[in-house]
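Enquirer: Residue numbering for the sequence shown follows this note's numbering, starting at 4 and increasing by one per position.
Think of the CB as a built atom: it goes at the ideal place given N, C-alpha and C, for glycine as much as any other residue.
All values derive from a computational prediction rather than experimental measurement.
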Amino acid sequence: MKNFALIGASGYIAPRHLKAIKDTNNELLAALDKFDSVGIMDSYFPNADFFVEPERFDRHIEKLKYDKGIGLDYVSICTPNYLHDSHIRMALRRGADAICEKPLVLNPWNLDALQRMEKESGKKVYNILQLRVHQSIIELKRKVEAAPKDKIFDIDLTYLTSRGNWYYTSWKGDINKSGGIATNIGVHFYDMLSWIFGEVKENIVHVHTHDRAAGYLEFEKARVRWFLSINYDVLPEEIKNKGQRTFRSITIEGDELEFSGGFTDLHTRVYEGILEGNGYGLNDARQAIEIVHEIRNSTPVGLKGEYHPFAAKPLVKHPFSI
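1. Assuming contact is defined by CB atoms lying nearer than 8 Å, are Ile158 and Val227 in contact in what I supplied?
2. Measure the Cβ-Cβ separation of Gly125 and Ile80 and say whether it is below 8 Å.
3. Please identify the residue among Gln133, Gly98, Phe38, Ile73 whose C-alpha is closest to the C-alpha of Ile277.
4. Closest by CA to His213, which one among Met195, Glu259, Glu202, Ser165?
5. How long is the line joining the alpha carbons of Ala291 and Leu9, rounded to whole angstroms?
6. From Gly218 to His311, what distance separates their C-alpha atoms?
7. Within 10 angstroms of the Cβ of Gly257, are there 16 or more other Cβ atoms? Answer buried if so, exposed if not.
8. Quick check: is any heavy atom of the ligand ZN less than 7 Å from the C-beta of His90?
9. Going by Cα to Cα distance, which pick from Ile233, Gly182, Gly246, Phe262 is closest to Met195?
10. Whether or not the stretch 136 to 150 and the stretch 228 to 246 are in contact is what I'm after, with contact meaning three or more pairs of Cβ atoms, one per stretch, closer than 8 Å; do they touch?
11. If we call anything under 8 Å between Cβ atoms a contact, is Leu231 one with Gly167?
12. Specify the secondary structure class of Leu109 as computed by DSSP and reduced to three states.
13. Could you spell out the range, first to last residue, of the beta strand (DSSP E) harbouring Ala8?
14. With DSSP as the reference, please indicate the residues paired to Glu30 in a beta bridge.
15. Which parts of the stretch 223 to 292 are runs of the alpha helix (DSSP H), unbroken and 4 residues or longer, counting only runs that do not cross its ends?
16. Check each candidate in Glu65, Arg119, Asp39, Lys66 and name the one with the smallest Cα separation from Phe53.
17. Between the Cα of Asp61 and the Cα atoms of Ala33, Ala101, His87, which residue gives the shortest distance?
18. Tell me whether Lys204 sits in a helix, a strand or coil according to DSSP, three-state version.
19. Do Val203 and Val304 come within 8 Å of each other at the CB atom, strictly closer than that value?
20. Leaving aside the five residues before and after Thr254 along the sequence, list all residues of the same chain whose C-beta is less than 6 Å from its C-beta, in chain order.
21. Which of the three DSSP states is assigned to Asn168 in this structure?
22. Going along the chain, which residues of its own chain have a beta-carbon closer than 6 Å to the beta-carbon of Gly74, five neighbours each way excluded?
23. Would you mind sorting Lys105 into buried or exposed? The rule is 16 or more other CB atoms within 10 Å of its CB.
24. Kindly confirm or deny that the stretch 178 to 189 and the stretch 265 to 273 touch, where touching means at least three C-beta pairs closer than 8 Å.
25. Hey, Lys154 and Lys224 are a contact pair by Cβ (cut 8 Å); roughly how many whole angstroms apart?
26. Relative to the alpha-carbon of Ile184, which residue among Leu95, Val295, Ala101 has its alpha-carbon at the smallest distance?
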(Lines of atoms letter the chains of each structure in order from A; the text may use other names.)
(Lines give C-alpha, C1' and ligand atoms only; values in the text may rest on other atoms or scores of the structure.)
Protein backbone atom coordinates (compact mmCIF):
# COMPACT_ATOMS: atom_id res chain seq x y z
CA MET A 4 0.00 0.00 0.00
CA LYS A 5 1.37 3.41 -1.05
CA ASN A 6 0.71 6.73 0.67
CA PHE A 7 -0.83 9.53 -1.39
CA ALA A 8 -1.65 13.21 -0.98
CA LEU A 9 -3.90 15.07 -3.40
CA ILE A 10 -3.84 18.74 -4.38
CA GLY A 11 -7.00 20.11 -5.99
CA ALA A 12 -9.63 18.00 -4.26
CA SER A 13 -12.69 20.09 -5.19
CA GLY A 14 -12.16 20.14 -8.94
CA TYR A 15 -13.97 18.32 -11.73
CA ILE A 16 -11.24 15.74 -12.30
CA ALA A 17 -10.40 14.97 -8.65
CA PRO A 18 -12.97 12.14 -8.26
CA ARG A 19 -11.22 10.16 -10.99
CA HIS A 20 -7.98 10.38 -9.03
CA LEU A 21 -9.68 9.51 -5.75
CA LYS A 22 -11.23 6.48 -7.44
CA ALA A 23 -7.89 5.46 -8.97
CA ILE A 24 -6.11 5.67 -5.60
CA LYS A 25 -8.88 3.59 -4.02
CA ASP A 26 -9.11 1.07 -6.88
CA THR A 27 -5.37 0.41 -6.68
CA ASN A 28 -5.67 -0.32 -2.93
CA ASN A 29 -3.66 2.65 -1.73
CA GLU A 30 -4.19 5.24 0.99
CA LEU A 31 -4.90 8.97 0.80
CA LEU A 32 -3.32 10.68 3.81
CA ALA A 33 -4.15 14.30 3.09
CA ALA A 34 -5.77 16.60 0.55
CA LEU A 35 -5.54 20.31 -0.21
CA ASP A 36 -7.89 22.77 -1.90
CA LYS A 37 -8.70 26.44 -1.36
CA PHE A 38 -12.39 25.49 -1.66
CA ASP A 39 -13.88 23.27 1.01
CA SER A 40 -16.71 21.67 -1.00
CA VAL A 41 -15.04 18.28 -0.97
CA GLY A 42 -17.79 15.97 0.30
CA ILE A 43 -16.81 13.59 -2.51
CA MET A 44 -13.93 12.49 -0.27
CA ASP A 45 -16.43 10.73 2.01
CA SER A 46 -17.05 8.20 -0.76
CA TYR A 47 -13.38 7.28 -0.95
CA PHE A 48 -11.22 8.44 1.97
CA PRO A 49 -13.32 9.93 4.78
CA ASN A 50 -10.40 9.70 7.22
CA ALA A 51 -7.97 11.69 5.08
CA ASP A 52 -6.92 15.03 6.55
CA PHE A 53 -8.02 18.07 4.58
CA PHE A 54 -6.51 21.56 4.34
CA VAL A 55 -7.44 24.81 2.62
CA GLU A 56 -4.06 26.47 3.23
CA PRO A 57 -0.93 25.14 1.48
CA GLU A 58 1.28 26.14 4.40
CA ARG A 59 -0.65 23.97 6.86
CA PHE A 60 -0.85 21.14 4.32
CA ASP A 61 2.92 21.25 3.84
CA ARG A 62 3.48 21.38 7.62
CA HIS A 63 1.22 18.35 8.09
CA ILE A 64 3.14 16.32 5.51
CA GLU A 65 6.39 17.21 7.23
CA LYS A 66 5.04 16.31 10.69
CA LEU A 67 3.83 12.93 9.41
CA LYS A 68 7.36 12.22 8.25
CA TYR A 69 9.30 13.38 11.30
CA ASP A 70 6.81 12.73 14.11
CA LYS A 71 5.28 9.45 12.91
CA GLY A 72 7.73 8.13 10.36
CA ILE A 73 5.06 8.17 7.64
CA GLY A 74 6.37 9.23 4.26
CA LEU A 75 4.56 10.21 1.10
CA ASP A 76 5.02 8.06 -1.99
CA TYR A 77 2.93 10.08 -4.45
CA VAL A 78 1.21 13.45 -4.75
CA SER A 79 -1.70 13.60 -7.20
CA ILE A 80 -2.20 17.04 -8.77
CA CYS A 81 -5.61 18.13 -10.08
CA THR A 82 -5.20 21.90 -9.89
CA PRO A 83 -5.60 24.62 -12.58
CA ASN A 84 -3.12 24.31 -15.42
CA TYR A 85 -0.90 27.24 -14.44
CA LEU A 86 -0.31 25.78 -10.97
CA HIS A 87 0.84 22.34 -12.11
CA ASP A 88 4.51 23.29 -12.31
CA SER A 89 4.56 24.68 -8.76
CA HIS A 90 2.67 21.74 -7.29
CA ILE A 91 4.89 19.21 -9.04
CA ARG A 92 7.89 20.96 -7.49
CA MET A 93 6.21 20.83 -4.08
CA ALA A 94 5.77 17.06 -4.45
CA LEU A 95 9.39 16.49 -5.43
CA ARG A 96 10.66 18.64 -2.55
CA ARG A 97 8.59 16.50 -0.17
CA GLY A 98 10.28 13.34 -1.47
CA ALA A 99 7.27 12.08 -3.43
CA ASP A 100 6.68 11.21 -7.06
CA ALA A 101 4.15 13.51 -8.77
CA ILE A 102 1.12 12.32 -10.75
CA CYS A 103 -0.23 15.32 -12.62
CA GLU A 104 -3.18 16.02 -14.85
CA LYS A 105 -2.60 17.33 -18.35
CA PRO A 106 -1.27 19.68 -19.51
CA LEU A 107 1.70 18.78 -17.37
CA VAL A 108 3.01 22.35 -17.76
CA LEU A 109 2.24 25.27 -20.07
CA ASN A 110 5.67 25.84 -21.61
CA PRO A 111 8.34 23.48 -22.98
CA TRP A 112 11.11 25.06 -20.87
CA ASN A 113 9.18 24.14 -17.72
CA LEU A 114 9.82 20.50 -18.63
CA ASP A 115 13.57 21.16 -18.77
CA ALA A 116 13.53 22.60 -15.25
CA LEU A 117 11.49 19.68 -13.94
CA GLN A 118 13.95 17.23 -15.47
CA ARG A 119 16.69 18.87 -13.44
CA MET A 120 14.58 18.57 -10.30
CA GLU A 121 13.90 14.91 -11.04
CA LYS A 122 17.63 14.29 -11.26
CA GLU A 123 18.36 16.16 -8.03
CA SER A 124 15.51 14.61 -6.04
CA GLY A 125 15.63 11.08 -7.45
CA LYS A 126 11.84 11.26 -7.84
CA LYS A 127 9.66 11.03 -10.93
CA VAL A 128 6.99 13.14 -12.60
CA TYR A 129 4.13 11.29 -14.27
CA ASN A 130 1.44 12.66 -16.58
CA ILE A 131 -2.13 11.40 -16.95
CA LEU A 132 -2.28 10.56 -20.67
CA GLN A 133 -5.33 8.34 -20.50
CA LEU A 134 -6.11 8.16 -24.23
CA ARG A 135 -2.99 6.03 -24.58
CA VAL A 136 -4.71 3.26 -22.62
CA HIS A 137 -8.07 3.53 -24.44
CA GLN A 138 -8.62 0.30 -26.35
CA SER A 139 -9.79 2.00 -29.58
CA ILE A 140 -6.70 4.21 -29.60
CA ILE A 141 -4.42 1.25 -28.95
CA GLU A 142 -6.00 -0.60 -31.88
CA LEU A 143 -5.54 2.46 -34.12
CA LYS A 144 -1.85 2.62 -33.19
CA ARG A 145 -1.46 -1.04 -34.15
CA LYS A 146 -3.20 -0.39 -37.48
CA VAL A 147 -0.88 2.51 -38.25
CA GLU A 148 2.21 0.49 -37.31
CA ALA A 149 1.06 -2.30 -39.63
CA ALA A 150 0.50 0.06 -42.58
CA PRO A 151 3.09 0.55 -45.35
CA LYS A 152 5.95 2.72 -44.11
CA ASP A 153 5.22 5.46 -46.65
CA LYS A 154 1.50 5.63 -45.84
CA ILE A 155 0.30 9.11 -44.77
CA PHE A 156 -3.15 9.12 -43.14
CA ASP A 157 -5.66 11.94 -43.67
CA ILE A 158 -7.47 12.83 -40.45
CA ASP A 159 -10.15 15.26 -39.32
CA LEU A 160 -10.35 15.90 -35.57
CA THR A 161 -13.42 17.71 -34.22
CA TYR A 162 -14.05 18.26 -30.52
CA LEU A 163 -16.88 20.52 -29.38
CA THR A 164 -17.65 20.70 -25.68
CA SER A 165 -20.09 23.47 -24.83
CA ARG A 166 -19.32 25.72 -21.89
CA GLY A 167 -21.49 28.40 -20.31
CA ASN A 168 -20.54 31.98 -19.51
CA TRP A 169 -18.97 30.82 -16.23
CA TYR A 170 -16.03 29.54 -18.29
CA TYR A 171 -14.86 33.07 -19.14
CA THR A 172 -14.94 34.20 -15.51
CA SER A 173 -13.02 31.15 -14.30
CA TRP A 174 -9.29 30.54 -14.69
CA LYS A 175 -10.11 28.49 -17.79
CA GLY A 176 -11.07 31.64 -19.67
CA ASP A 177 -7.70 33.28 -18.92
CA ILE A 178 -5.17 32.20 -21.55
CA ASN A 179 -2.31 32.94 -19.14
CA LYS A 180 -3.72 30.43 -16.67
CA SER A 181 -5.26 27.76 -18.90
CA GLY A 182 -3.14 28.12 -22.03
CA GLY A 183 -6.24 28.79 -24.12
CA ILE A 184 -8.71 26.54 -25.91
CA ALA A 185 -6.14 24.29 -27.60
CA THR A 186 -4.31 23.63 -24.34
CA ASN A 187 -7.33 23.34 -22.11
CA ILE A 188 -9.46 20.92 -24.14
CA GLY A 189 -7.11 19.71 -26.87
CA VAL A 190 -3.78 18.73 -25.33
CA HIS A 191 -4.78 15.08 -24.78
CA PHE A 192 -5.76 14.78 -28.47
CA TYR A 193 -2.42 16.22 -29.58
CA ASP A 194 -0.69 13.73 -27.31
CA MET A 195 -2.67 10.88 -28.82
CA LEU A 196 -1.83 12.00 -32.36
CA SER A 197 1.86 12.37 -31.47
CA TRP A 198 1.93 8.92 -29.86
CA ILE A 199 0.47 7.27 -32.95
CA PHE A 200 1.73 9.32 -35.90
CA GLY A 201 5.21 10.46 -34.88
CA GLU A 202 7.08 13.75 -34.96
CA VAL A 203 5.47 17.04 -35.98
CA LYS A 204 6.55 18.40 -39.36
CA GLU A 205 4.20 21.39 -39.69
CA ASN A 206 1.90 23.30 -37.33
CA ILE A 207 -0.41 25.93 -38.85
CA VAL A 208 -3.13 27.83 -36.99
CA HIS A 209 -6.10 29.02 -39.04
CA VAL A 210 -8.38 30.40 -36.32
CA HIS A 211 -7.76 31.14 -32.64
CA THR A 212 -10.34 33.12 -30.67
CA HIS A 213 -11.89 33.08 -27.18
CA ASP A 214 -14.26 30.23 -28.08
CA ARG A 215 -12.53 28.15 -30.78
CA ALA A 216 -9.27 27.16 -32.40
CA ALA A 217 -8.58 25.44 -35.71
CA GLY A 218 -5.51 24.44 -37.61
CA TYR A 219 -3.48 21.92 -39.55
CA LEU A 220 -0.88 19.54 -38.13
CA GLU A 221 1.36 17.38 -40.23
CA PHE A 222 3.03 14.42 -38.54
CA GLU A 223 5.40 11.83 -39.97
CA LYS A 224 2.44 9.60 -40.80
CA ALA A 225 -0.60 11.88 -40.79
CA ARG A 226 -2.12 15.09 -42.12
CA VAL A 227 -4.57 16.42 -39.54
CA ARG A 228 -7.20 19.13 -39.88
CA TRP A 229 -8.43 19.98 -36.37
CA PHE A 230 -11.16 22.11 -34.83
CA LEU A 231 -11.91 22.70 -31.14
CA SER A 232 -14.63 24.84 -29.60
CA ILE A 233 -16.52 25.53 -26.38
CA ASN A 234 -19.36 27.33 -28.18
CA TYR A 235 -22.75 25.58 -28.25
CA ASP A 236 -23.70 27.35 -31.49
CA VAL A 237 -21.10 25.47 -33.55
CA LEU A 238 -22.56 22.06 -32.67
CA PRO A 239 -24.15 20.17 -35.57
CA GLU A 240 -27.94 20.53 -35.55
CA GLU A 241 -28.48 16.78 -35.14
CA ILE A 242 -26.46 16.89 -31.92
CA LYS A 243 -28.46 19.84 -30.58
CA ASN A 244 -31.72 18.09 -31.48
CA LYS A 245 -30.67 15.16 -29.28
CA GLY A 246 -30.22 17.53 -26.34
CA GLN A 247 -26.48 16.93 -26.28
CA ARG A 248 -23.83 19.57 -25.65
CA THR A 249 -20.71 17.66 -26.70
CA PHE A 250 -19.56 16.33 -30.06
CA ARG A 251 -16.37 14.33 -30.55
CA SER A 252 -15.27 12.97 -33.93
CA ILE A 253 -12.08 11.60 -35.42
CA THR A 254 -12.25 10.46 -39.03
CA ILE A 255 -9.33 8.58 -40.56
CA GLU A 256 -9.36 8.26 -44.33
CA GLY A 257 -13.06 9.16 -44.12
CA ASP A 258 -13.90 6.43 -41.60
CA GLU A 259 -15.13 7.36 -38.13
CA LEU A 260 -13.02 6.16 -35.21
CA GLU A 261 -15.42 4.84 -32.59
CA PHE A 262 -14.21 5.79 -29.14
CA SER A 263 -17.29 7.30 -27.50
CA GLY A 264 -17.23 4.70 -24.72
CA GLY A 265 -14.53 3.02 -22.70
CA PHE A 266 -13.56 6.08 -20.63
CA THR A 267 -14.78 4.90 -17.23
CA ASP A 268 -11.61 3.45 -15.71
CA LEU A 269 -8.84 5.05 -17.77
CA HIS A 270 -7.37 6.98 -14.83
CA THR A 271 -7.22 3.79 -12.81
CA ARG A 272 -5.38 2.05 -15.63
CA VAL A 273 -2.86 4.89 -15.86
CA TYR A 274 -2.32 4.65 -12.08
CA GLU A 275 -1.80 0.91 -12.39
CA GLY A 276 0.90 1.55 -14.97
CA ILE A 277 2.62 4.10 -12.74
CA LEU A 278 2.58 1.74 -9.76
CA GLU A 279 4.09 -0.97 -11.97
CA GLY A 280 6.87 1.40 -13.04
CA ASN A 281 5.47 2.07 -16.51
CA GLY A 282 4.00 5.56 -16.22
CA TYR A 283 4.20 8.38 -18.76
CA GLY A 284 6.97 10.80 -17.84
CA LEU A 285 8.27 14.21 -18.86
CA ASN A 286 9.58 13.11 -22.25
CA ASP A 287 6.25 11.49 -23.09
CA ALA A 288 4.47 14.80 -22.46
CA ARG A 289 6.92 16.98 -24.39
CA GLN A 290 5.63 16.98 -27.97
CA ALA A 291 2.03 17.81 -27.01
CA ILE A 292 3.29 20.67 -24.81
CA GLU A 293 5.37 21.97 -27.71
CA ILE A 294 2.36 21.75 -30.05
CA VAL A 295 0.02 23.75 -27.82
CA HIS A 296 2.72 26.29 -26.99
CA GLU A 297 3.26 26.93 -30.69
CA ILE A 298 -0.49 27.16 -31.32
CA ARG A 299 -0.85 29.68 -28.49
CA ASN A 300 1.95 31.85 -29.84
CA SER A 301 1.21 31.63 -33.56
CA THR A 302 -0.53 34.27 -35.66
CA PRO A 303 -3.60 32.70 -37.32
CA VAL A 304 -3.34 32.65 -41.12
CA GLY A 305 -7.08 32.68 -41.76
CA LEU A 306 -9.08 30.40 -44.02
CA LYS A 307 -6.39 29.30 -46.45
CA GLY A 308 -4.78 25.97 -47.18
CA GLU A 309 -5.90 22.75 -45.49
CA TYR A 310 -8.37 24.12 -42.96
CA HIS A 311 -11.09 22.20 -41.13
CA PRO A 312 -14.60 22.81 -42.57
CA PHE A 313 -15.87 23.98 -39.18
CA ALA A 314 -13.28 26.77 -39.19
CA ALA A 315 -15.57 28.69 -41.55
CA LYS A 316 -18.45 28.79 -39.03
CA PRO A 317 -19.44 32.36 -38.05
CA LEU A 318 -17.62 33.86 -35.10
CA VAL A 319 -19.49 35.36 -32.16
CA LYS A 320 -18.32 38.10 -29.84
CA HIS A 321 -16.95 37.40 -26.41
CA PRO A 322 -19.89 37.25 -23.97
CA PHE A 323 -18.29 39.93 -21.78
CA SER A 324 -17.16 42.23 -24.57
CA ILE A 325 -18.53 45.78 -24.64
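Expert: Taking the definition as stated:
1. For the purposes of this step, residue 158 is identified with residue 155 of the sequence shown, where counting begins at 1. For the purposes of this step, residue 227 is identified with residue 224 of the sequence shown, where counting begins at 1. Their beta carbons are under 8 Å apart, which means Ile158 touches Val227 by this criterion.
2. Along the sequence shown, read from residue 1 onward, the residue named residue 125 stands at position 122. Along the sequence shown, read from residue 1 onward, the residue named residue 80 stands at position 77. No, Cβ-Cβ distance for Gly125 and Ile80 is not below 8 Å.
3. Taking the sequence shown and counting its residues from 1, one reaches residue 277 at position 274. It is Gln133 whose Cα lies nearest to the Cα of Ile277.
4. As a working mapping, residue 213 is identified with position 210 in the sequence shown. The candidate whose alpha carbon is nearest that of His213 is Ser165.
5. Residue numbering aside, residue 291 sits at position 288 when the sequence shown is read from its first letter. Residue numbering aside, residue 9 sits at position 6 when the sequence shown is read from its first letter. Straight-line Cα distance between these residues: approximately 25 Å.
6. Translated into the one-based positions of the sequence shown, residue 218 becomes position 215. Translated into the one-based positions of the sequence shown, residue 311 becomes position 308. Cα to Cα, the separation comes out at about 7 Å.
7. In the sequence shown, counting from the first residue as 1, residue 257 sits at position 254. Gly257 comes out exposed.
8. Inclusion of the ligand ZN in the displayed structure is not the case, the ligand content being empty and no account of it being possible.
9. Indexing the sequence shown from 1 puts residue 195 at position 192. Nearest of Ile233, Gly182, Gly246, Phe262 to Met195, Cα basis: Phe262.
10. no
11. The residue labelled residue 231 in the question sits at position 228 within the sequence shown. The residue labelled residue 167 in the question sits at position 164 within the sequence shown. Taking 8 Å as the Cβ cut-off, Leu231 and Gly167 do not qualify as a contacting pair.
12. By one-based count along the sequence shown, residue 109 stands at place 106. If DSSP states are grouped into helix, strand and coil, Leu109 belongs with coil.
13. The sequence position of residue 8 within the sequence shown is 5, counting from 1. Its beta strand (DSSP E) spans residues 6 to 10.
14. For this step, residue 30 is matched to residue 27 along the sequence shown. Glu30 pairs with Asn6.
15. 240 to 244, 269 to 278
16. By one-based count along the sequence shown, residue 53 stands at place 50. Comparing Cα-Cα distances from Phe53 to each of Glu65, Arg119, Asp39, Lys66, the minimum goes to Asp39.
17. Residue mapping note: residue 61 aligns to position 58 of the sequence shown, counting from 1. Checked all of Ala33, Ala101, His87; the closest Cα to Asp61 is Ala33.
18. For the purposes of this step, residue 204 is taken as the residue at position 201 of the sequence shown. Strand.
19. Translated into the one-based positions of the sequence shown, residue 304 becomes position 301. Translated into the one-based positions of the sequence shown, residue 203 becomes position 200. No, these two residues do not count as a Cβ contact at 8 Å.
20. Residue mapping note: residue 254 aligns to position 251 of the sequence shown, counting from 1. Asp159.
21. Counting from 1 along the sequence shown, the entry for residue 168 is found at position 165. Asn168 falls in the coil class under three-state DSSP.
22. Locating residue 74 in the sequence shown gives position 71, counting from the first residue. The beta carbon of Gly74 sits closer than 6 Å to the beta carbons of Lys68 from its chain, once the five residues preceding and following it are set aside; these are given in chain order.
23. By one-based count along the sequence shown, residue 105 stands at place 102. Buried, by the Cβ-count rule.
24. Counting Cβ pairs under 8 Å, fewer than three are found: no touch.
25. Here residue 154 is taken as the residue at index 151 of the sequence shown, counted from 1. Here residue 224 is taken as the residue at index 221 of the sequence shown, counted from 1. With a Cβ gap of about 7 Å, Lys154 and Lys224 count as contacting.
26. Here residue 184 corresponds to residue number 181 of the sequence shown, with the count starting at 1. Of the candidates Leu95, Val295, Ala101, the one whose C-alpha sits nearest the C-alpha of Ile184 is Val295.
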